[in-house]
Amino acid sequence: METLAITLLVIDTIALIVLVLLQSGKSAGLSGAISGGAEQLFGKQKARGIDAVLHRATVVTGVLFFVLAFSAAYILG
Numbered sequence: 001m002e003t004l005a006i007t008l009l010v011i012d013t014i015a016l017i018v019l020v021l022l023q024s025g026k027s028a029g030l031s032g033a034i035s036g037g038a039e040q041l042f043g044k045q046k047a048r049g050i051d052a053v054l055h056r057a058t059v060v061t062g063v064l065f066f067v068l069a070f071s072a073a074y075i076l077g
């Protein structure tokens, strides 16, 4: 059971890293974060296409990461 929990956690971690790296940047670095970040935060632009799919998959794998991490800690502890 412990091996299964750790294996699932490692797979989910790798998937989360890949999904984050595949997403396109939302601002132009530090200067864009300071000056133009609020425009994108409060703007009416919706993510379309592959960006929306990547965003949702990242949220799902992030939640799954926390569930698996707590489950692995409970099983191992």
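With the UniProt record's numbering applied, the sequence shown covers 1 to 77. We treat Cβ as the ideally placed atom computed from N, Cα and C, and that holds for glycine. Since the structure is predicted, the reported quantities are computational estimates derived from the model, not experimental observations.
Option in the options with minimal Cα separation from residue i
i      : options                        : result
Gln-23 : Leu-54, Thr-7, Thr-13          : Leu-54
Val-60 : Leu-19, Ser-71, Ile-50, Ile-75 : Leu-19
Leu-65 : Gly-25, Ile-50, Val-10         : Note on identity: in this sequence residue 65 is Phe, with Leu being the wrong assignment. Checked all of Gly-25, Ile-50, Val-10; the closest Cα to Phe-65 is Val-10.
Asp-12 : Tyr-74, Val-67, Ala-73         : Val-67
Ile-17 : Thr-58, Val-63, Ala-73         : Thr-58
Residue i, buried or exposed, once every other Cβ within 10 Å from all chains shown has been counted against 16
i      : result
Leu-76 : exposed
Pair within 8 Å by beta-carbon distance, residue i and residue j
i      : j      : result
Ala-15 : Ser-71 : no
Contact with chain D by residue i, beta-carbon distance below 8 Å
i      : result
Val-10 : The chain labelled as chain D is not found in the depicted structure, where only one protein chain is given.
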